[in-house]
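Inspection log for the structure reproduced underneath, given as C-alpha cells.
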Amino acid sequence: MADRQLLAALAAGDRAALATAFDRHAPTVLRYAWGLADTPDDAQRLVQDTLAALWREAPTLVLATSALLPWLLVTCRDLHVASTPADADADARARHRPRFVGGQVDALPELDRRLVELALGGGHSYQDAARVLGRPVAATARPARRTTKQRTEAVNHGEH
1 MADRQLLAAL
11 AAGDRAALAT
21 AFDRHAPTVL
31 RYAWGLADTP
41 DDAQRLVQDT
51 LAALWREAPT
61 LVLATSALLP
71 WLLVTCRDLH
81 VASTPADADA
91 DARARHRPRF
101 VGGQVDALPE
111 LDRRLVELAL
121 GGGHSYQDAA
131 RVLGRPVAAT
141 ARPARRTTKQ
151 RTEAVNHGEH
C-alpha cells in the first residue's frame, strides 16, 4: 500500500493502517528521534507522539508529496522543539540531526528528499518547505473525530 493510500485508510479510522504506518516508518522516525532526545525514553515518546499526531491529523492531512516520511520527520522535530525549553541550542539540535536517517532520506524520491532537507536542514515548517518547492499545502486543522483517549489507546495498546 502506497503512503497516500495508507493516509486515506488512516483518515477513515483504519487501525490496521496505523499498524502499517508504524511498521513502515517508526524505525526511521526513532533513529531520527535518538538524535534529538536526551534519553531513549524521550526518543520513544517522540515516536509515539509523532504517530499519535499522524492518527489525529490524518482526516485533514494533505501531503505535499507522495511520501509520509517527510511529514513524520518534520512532525517529530516540531514535537521535540515544542517540548524543549526555548533556547537556540534546542532549535539548532533539531536542525542538525537528520544524519541518523540519511540512508532512508536518500532513498526517497528527489522532491521528498528536498522537502526533508528544507524542513530539517533549513528549519522550515512542513508547509513552508512545501511552498518553497511549489507544492503548497494548507495547514491542517485539528479534527475532533477521535478523542485523546482513543488516539492514545490506538498508539499504545498493541495497535501501534
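Note that the sequence shown ends on residue 160 in UniProt numbering; no numbers are left out. Every residue, glycine too, gets a C-beta built ideally from N, C-alpha and C.
Here DSSP, grouped into helix, strand and coil, assigns Ala64 to coil. Selection Leu63, Gln48, Thr60, Pro59 evaluated against Arg77 yields Gln48 as nearest (Cα-Cα). In this structure Thr39 is exposed. Its beta-carbon is surrounded by fewer than 16 other beta-carbon atoms within 10 angstroms. When the five nearest sequence neighbours on each side are left out, the beta carbons in the same chain lying within less than 6 angstroms of the beta carbon of Ala129 are those of Leu115, Leu118, Ala119, in order along the chain. Cα atoms of Gly122 and Leu36: separation of roughly 16 angstroms, rounded to the nearest angstrom.
Taking the Cα positions, Val105 is about 6 angstroms away from Arg113. A residue is called buried once 16 or more other Cβ atoms fall within 10 Å of its Cβ, and Arg31 is buried on that count.
Setting aside the 5 residues that flank it on each side, Ala33 is surrounded in the same chain by Ala43, Leu46, Val47, Cys76, each with a C-beta closer than 7 angstroms to its C-beta; the list follows chain order.
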